[in-house]
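Student:
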Amino acid sequence: MKPVSVEHMSIRFGAVTILPDVSFDVAAGECFGLVGESGSGKSTILRCASMLLSIWTGDVTIGGRSVREMPLNERCRTLQMVFQDPYGSLHPRHSIRTVLSEPLKIQGLDDRERRMREALGDVGLPASFLDRYPHQLSGGQRQRVAIARALILEPEVLLLDEPTSALDVSVQAEILNLLVRLREERGFTYIMVSHDLAVIDHMCDRFAVMQSGEIVEVLPREAIKGNEATHPYARELIGASLEYESVV
Amino acid sequence: MTEERPMLDVKNLSVRYRGTDTPAVRDVSFTLGRERLGIVGESGSGKSTVGRALLKLLPTAELTADRMRFEEVDLLTAPERKMLELRGQRMSMILQDPKFSLNPIQRCGLQIAEAYRTHVRCSKGEARAKAIEMLSAVQIRDPERVFDLYPHEVSGGMGQRIMIAMMLLADPGLVIADEPTSALDVTVRLKVLRILDGLVREKGIGLIMISHDLSLVRSFCDRVLIMYAGRVVETLAARDLDNARHPYTQGLLAAQPRIGGSRDELPVLERKDSWLEPAEERP
Ligand SMILES: Nc1ncnc2c1ncn2[C@@H]1O[C@H](COP(=O)(O)OP(=O)(O)OP(=O)(O)O)[C@@H](O)[C@H]1O
Ligand SMILES: Nc1ncnc2c1ncn2[C@@H]1O[C@H](COP(=O)(O)OP(=O)(O)OP(=O)(O)O)[C@@H](O)[C@H]1O
Ligand SMILES: [Mg+2]
Ligand SMILES: [Mg+2]
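Spelled out as structure tokens, the structure:
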């Protein structure tokens with residue numbers, strides 16, 4: 026089990042500062058939520074932490090070790106990310122078999138066929154899908170392949186960017202149950218972006234509320250039900266979610 | 002409600018993708034008036050395929066139907082030239098992967114402005130102003146900056162709203178929205194839904210809303226089709242969603258986590274082959 030620490034993460038694109046200065050800590054084995062305004066920088070935080078973007082300043086450490094110092098191989102085994110746009114994260118001309126076997130090959134893991142079948146089974150897809158291409162899958166099936174690819178290396182930290190927002194609630198339930206089980210059995214640490222506070226409430230211990238590149242408040246999950254936030258935006262967001270669930 | 006001929010009339014639509022044995026959509030029938038019709042159902046059950054079939058955007062599939070009509074147009078026999086005209090002007094689909102239906106090498110704002118100029122004759126400057134107006138109408142902060150971004154530079158929720166902005170400018174009579182708000186935070190989502198709602202109420206458009214969000218469908222739609230394995234297994238008034246009778250629909254409702262709910266394992270569906278039998282007809 027490894028803790029994650031984000032320290033003074035800051036990034037600009039051209040003249041525009043997207044994240045001025047973001048810091049937070051996630052305990053080993055915790056599930057930490059990131060919620061907030063669309064465009065506020067949630068995906069950017071995950072893309073920086075996974076070194077998909079490298080032009081940021083500040084640091085992210087996992088178990089005390091900086092992600093910047095990890096060689097690619099070690100980073101892949103330590104940390105995996107599930108992207109918000111499954112279409113963009115899967116190579117259009119790679120079959121699902123290629124998508125899943127590539128990381129296994131790079132890590133020199135054997136028994137690949139079994140691991141691939143298991144990984145697909147875990148996300149509720151049949152093994153026959155190994156020979157399909159991304160465009161032959163539905164939106165939710167693509168998302169599940171992306172989740173399978175992240176899980177197949179059994180990383181210690183998973184960065185999940187709206188992992189279930191493309192899924193119907195029955196498949197969502199299966200994936201969330203899987204994530205809970207993996208956390209219990211293998212002590213994974215999660216950082217999870219979601220717009221659905223019911224999912225955050227179900228999965229997370231604590232969560233941060235973001236607006237315009239800043240964390241305005243960090244709250245325990247228990248604060249959702251009675252809307253115990255103090256920052257005005259956090260209150261508005263939780264209030265709207267409570268209303269959405271009851272009235273909507 | 003006036004008794005008028007429905008805008009869209011679909012009877013026994015089936016779609017099979019080439020290279021697969023089982024159809025992705027089987028014998029789907031429904032009509033749509035000037036209303037909001039929700040389509041919910043399992044991932045892979047054929048929802049997006051139905052949407053694309055209506056626009057005949059399925060180059061690698063065989064499509065059959067007894068009837069598929071939009072207003073005065075018989076979609077089954079309409080030539081591609083007619084479909085092109087319809088797709089641009091009168092029927093609009095907001096695709097499930099918005100960022101990937103945009104041109105990756107053109108700035109988002111220009112794409113909106115150009116789409117506008119195919120409908121309305123105006124100067125580039127006017128089109129730009131209109132595009133920026135639409136970006137702010139869909140609650141994008143800083144629309145001038147976002148106008149100049151490329152698709153890979155916008156966030157997930159911004160991509161969805163750019164697609165909605167484009168659709169608004171095209172001013173169509175029928176909108177098929179495939180998960181249009183899944184990447185939006187709840188406060189922005191409610192505002193965007195209000196815009197769509199306004200189109201139905203004020204302009205009398207027909208709206209098909211494909212969504213996984215049961216709360217949204219329950220409160221925002223008039224009627225709901227529930228799809229399972231390519232079939233419509235139940236059709237309900239949206240407000241009666243909680244009283245659904247089909248075990249699949251009941252299973253869906255139970256699988257949804259709730260704020261303040263227990264953290265026990267979420268119930269998952271025990272899928273049954275008997276669910277594949279044709280849906281019972283209910284008025
Ligand atoms: N490569 C880039 N160039 C310029 N701006 C960018 C780039 N990548 C991201 N941005 C900007 O950074 C901001 C934050 O984007 P991000 O994707 O992190 O938002 P988000 O919180 O994940 O939103 P959503 O909930 O809609 O997915 C947005 O304003 C976006 O336009
Ligand atoms: N081009 C294709 N070739 C072969 N099969 C396809 C193709 N496109 C889709 N399918 C299959 O057709 C079925 C229906 O897909 P569709 O995209 O309509 O599902 P959906 O209900 O929209 O699911 P989701 O909620 O996950 O988006 C899926 O099982 C999918 O794998
Ligand atoms: Mg995002
Ligand atoms: Mg779909």
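From first to last, the protein sequence lines are chains A and B.
Numbering-wise, this note's numbering comes out as the position in the first sequence, counting from 1, plus 25.
Numbering-wise, this note's numbering comes out as the position in the second sequence, counting from 1, plus 1.
All C-beta atoms in this analysis are idealised placements derived from N, C-alpha and C, irrespective of residue type, glycine included.
Note that this is a predicted model, so its numbers are computed, not measured.
1. Check residue 123 of chain B in the structure and name its three-state DSSP category.
2. Tell me where the alpha helix (DSSP H) around residue 164 of chain A begins and ends.
3. With 8 Å set as the bound, which would you pick, yes or no: does the beta-carbon of residue 261 of chain A sit closer than that to a beta-carbon of chain B?
4. I'd like the list of long-range same chain contacts for residue 191 of chain A, defined as Cβ closer than 7 Å, with 5 residues on each side in sequence excluded.
5. I need the DSSP call for residue 105 of chain A, collapsed to helix, strand or coil.
6. Could you tell me which of A/255, A/212, A/250 sits nearest to residue 240 of chain A, measuring between CA atoms?
7. Going along the chain, which residues of its own chain have a beta-carbon closer than 7 Å to the beta-carbon of residue 72 of chain A, five neighbours each way excluded?
8. Taking C-beta to C-beta, are residue 29 of chain B and residue 11 of chain B nearer than 8 Å?
9. Beta-carbon of residue 253 of chain A versus every beta-carbon of chain B: anything under 8 Å?
10. Where are the alpha helix (DSSP H) runs, 4 residues long or more, that stay fully inside the segment 187–231 of chain B, in chain order?
11. Can you determine whether any heavy atom of ligand 2 sits closer than 7 Å to the C-beta of residue 86 of chain A, and answer yes or no?
12. Quick one: Cα of residue 203 of chain B to Cα of residue 197 of chain B, how far?
13. Please tell me whether residue 210 of chain B and residue 14 of chain B are closer than 8 Å, where the distance is taken between their beta carbons.
14. Measure from the alpha carbon of residue 183 of chain A to the alpha carbon of each residue in A/212, A/161, A/153, then state which is nearest.
15. Taking Cβ to Cβ, would you say residue 170 of chain B is nearer than 8 Å to residue 113 of chain B?
16. Mind checking residue 238 of chain B: buried by the 16 CB within 10 Å criterion, or exposed?
17. What residues sit near ligand 3, counting only those whose C-beta is closer than 7 Å to one of its heavy atoms, in chain order?
18. Please report the straight-line C-alpha distance between residue 287 of chain B and residue 145 of chain B, rounded to a whole angstrom.
19. Between residue 158 of chain A and chain B, is any beta-carbon pair separated by less than 8 Å?
20. Alpha carbon to alpha carbon, how far is residue 2 of chain B from residue 101 of chain A?
21. Going along chain A, which residues have a C-beta under 7 Å from residue 213 of chain B?
22. What three-state label does DSSP hand residue 182 of chain B in the structure shown?
23. At a Cβ cut of 9 Å, what residues of the segment 39–57 of chain B count as close to chain A, listed as they run along the chain?
24. Cβ of residue 189 of chain B within 8 Å of Cβ of residue 257 of chain B?
25. Just to confirm before moving on: does the CB-CB distance between residue 26 of chain A and residue 54 of chain A stay below 8 Å?
26. What residues in the segment 102–114 of chain A have a beta carbon less than 7 Å from any beta carbon of chain B?
27. I want to verify the contact list: residues of chain A whose CB lies under 7 Å from the CB of residue 266 of chain B, in sequence order.
28. Name the residue from B/265, B/157, B/64, B/120 whose alpha carbon lies nearest to the alpha carbon of residue 91 of chain B.
29. Mind checking whether residue 223 of chain A and residue 259 of chain B have CB atoms under 8 Å apart?
30. So, does the CB of residue 157 of chain B fall closer than 8 Å to a CB anywhere in chain A?
31. At a Cβ cut of 7 Å, what residues of the segment 60–91 of chain A count as close to chain B, listed as they run along the chain?
32. Taking only the alpha-carbon atoms, compute the straight-line gap between residue 254 of chain B and residue 82 of chain A and give it to the nearest angstrom.
33. Which of the residues in the segment 215–235 of chain A, read from start to end, lie with their CB under 7 Å from any CB of chain B?
34. Quick check on the burial criterion: 16 or more other C-beta atoms within 10 angstroms. Buried or exposed for residue 259 of chain A?
35. What first and last residue would you give for the beta strand (DSSP E) that runs through residue 71 of chain B?
36. What does residue 270 of chain A touch in chain B if you count any residue whose Cβ is under 8 Å from its own?
Tutor: Let me spell this out:
1. Taking the first residue of the second sequence as position 1, residue 123 of chain B is located at position 122. Secondary structure at residue 123 of chain B: coil, using DSSP grouped into helix, strand and coil.
2. Taking the first sequence and counting its residues from 1, the one referred to as residue 164 of chain A is at position 139. Element bounds for residue 164 of chain A: 164–176.
3. Counting from 1 along the first sequence, the entry for residue 261 of chain A is found at position 236. At a cut-off of 8 Å, the C-beta of residue 261 of chain A has a neighbouring C-beta in chain B.
4. Residue mapping note: residue 191 of chain A aligns to position 166 of the first sequence, counting from 1. Contacts found: 111, 164, 165, 168.
5. As a first step, residue 105 of chain A is located in the first sequence; it is residue number 80 there, counting from the start. When secondary structure is reduced to three states using DSSP, residue 105 of chain A falls in the strand class.
6. The sequence position of residue 240 of chain A within the first sequence is 215, counting from 1. Of A/255, A/212, A/250, the residue nearest in Cα terms is A/255.
7. In the first sequence, counting from the first residue as 1, residue 72 of chain A sits at position 47. Sequence-distant partners of residue 72 of chain A (beyond 5 residues in either direction) whose C-beta falls short of 7 Å from its own C-beta, in its chain, are 78.
8. On the second sequence, residue 29 of chain B is found 28 positions in, with the first residue counted as 1. On the second sequence, residue 11 of chain B is found 10 positions in, with the first residue counted as 1. Contact flag set, yes.
9. Within the first sequence, numbered from 1, the residue matching residue 253 of chain A stands at position 228. Not an interface residue.
10. As summarised for the segment 187–231 of chain B, the continuous alpha helix (DSSP H) elements at least 4 residues long and confined to that stretch are 187–199, 215–221, given in chain order.
11. By one-based count along the first sequence, residue 86 of chain A stands at place 61. Using a cutoff of 7 Å, the CB of residue 86 of chain A does not count as near ligand 2, since none of the ligand's heavy atoms is closer than that.
12. Numbered from its first residue, the second sequence carries residue 203 of chain B at position 202. Numbered from its first residue, the second sequence carries residue 197 of chain B at position 196. Approximately 10 Å, taken between the alpha carbons.
13. Position 209 of the second sequence, counted from the start, is the residue given in the question as residue 210 of chain B. Position 13 of the second sequence, counted from the start, is the residue given in the question as residue 14 of chain B. No.
14. Start at 1 with the first residue of the first sequence, and residue 183 of chain A comes out as number 158. Taking only the C-alpha atoms, the option nearest residue 183 of chain A is A/212.
15. As a position in the second sequence, residue 170 of chain B is number 169, starting the count at 1. As a position in the second sequence, residue 113 of chain B is number 112, starting the count at 1. Going by beta carbons, residue 170 of chain B and residue 113 of chain B fall inside the 8 Å limit.
16. Position 237 of the second sequence, counting from 1, holds the residue named residue 238 of chain B. By the neighbour-count rule (16 or more Cβ atoms within 10 Å), residue 238 of chain B is not buried but exposed.
17. This selection yields A/67, A/68, A/109, A/186, A/187, A/218, B/156, B/157, B/158, B/184.
18. What the structure shows of chain B is the stretch from 2 to 284, and residue 287 of chain B is not part of that stretch, so it cannot be assessed.
19. Translated into positions along the first sequence, residue 158 of chain A becomes position 133. Using a Cβ-Cβ cut-off of 8 Å, residue 158 of chain A does not count as an interface residue toward chain B, since no Cβ of chain B sits closer than that to its own.
20. The residue given as residue 2 of chain B occupies position 1 in the second sequence. The residue given as residue 101 of chain A occupies position 76 in the first sequence. Confidence at residue 2 of chain B is low in this model, with a pLDDT of 46, below 50, so its placement is unreliable and the value that follows should be read with caution. Their backbone Cα atoms lie some 59 Å apart in a straight line.
21. The sequence position of residue 213 of chain B within the second sequence is 212, counting from 1. Under the 7 Å cutoff, chain A gives 192, 193, 194.
22. Counting from 1 along the second sequence, the entry for residue 182 of chain B is found at position 181. Three-state result, residue 182 of chain B: coil.
23. Going along the segment 39–57 of chain B in chain order, one finds 41, 42, 43, 44, 45, 46, 47, 48, 49, 50 with a Cβ nearer than 9 Å to chain A.
24. Within the second sequence, residue 189 of chain B is the residue found at index 188, counting from 1. Within the second sequence, residue 257 of chain B is the residue found at index 256, counting from 1. In this structure, residue 257 of chain B does not lie closer than 8 Å to residue 189 of chain B by Cβ.
25. Looking up residue 26 of chain A in the first sequence gives position 1. Looking up residue 54 of chain A in the first sequence gives position 29. Closer than 8 Å, so yes.
26. Of all residues in the segment 102–114 of chain A, only 109, 110, 112, 113 come within less than 7 Å of chain B when Cβ atoms are compared, listed by chain position.
27. Here residue 266 of chain B corresponds to residue number 265 of the second sequence, with the count starting at 1. Result: 202.
28. For this step, residue 91 of chain B is matched to residue 90 along the second sequence. Among B/265, B/157, B/64, B/120, the Cα nearest to that of residue 91 of chain B belongs to B/120.
29. Taking the first sequence and counting its residues from 1, one reaches residue 223 of chain A at position 198. Taking the second sequence and counting its residues from 1, one reaches residue 259 of chain B at position 258. Taking C-beta atoms as the reference points, residue 223 of chain A and residue 259 of chain B count as a pair closer than 8 Å.
30. On the second sequence, position 156 is the one that residue 157 of chain B refers to. Yes, residue 157 of chain B lies at the interface with chain A (some Cβ there is under 8 Å from its Cβ).
31. Listed by position, the residues of the segment 60–91 of chain A near chain B (Cβ gap below 7 Å) are 61, 62, 63, 64, 68.
32. Taking the first residue of the second sequence as position 1, residue 254 of chain B is located at position 253. Taking the first residue of the first sequence as position 1, residue 82 of chain A is located at position 57. Taking the Cα positions, residue 254 of chain B is about 45 Å away from residue 82 of chain A.
33. Correct list: 220, 222, 223, 224, 226, 227.
34. By one-based count along the first sequence, residue 259 of chain A stands at place 234. When all chains shown are included, residue 259 of chain A counts as buried.
35. Here the question's residue 71 of chain B lines up with position 70 in the second sequence. According to the DSSP assignment, residue 71 of chain B belongs to the beta strand (DSSP E) that extends over 68–71.
36. The count along the first sequence starts at 1 and reaches residue 270 of chain A at position 245. The contacting residues are 216, 259, 260.
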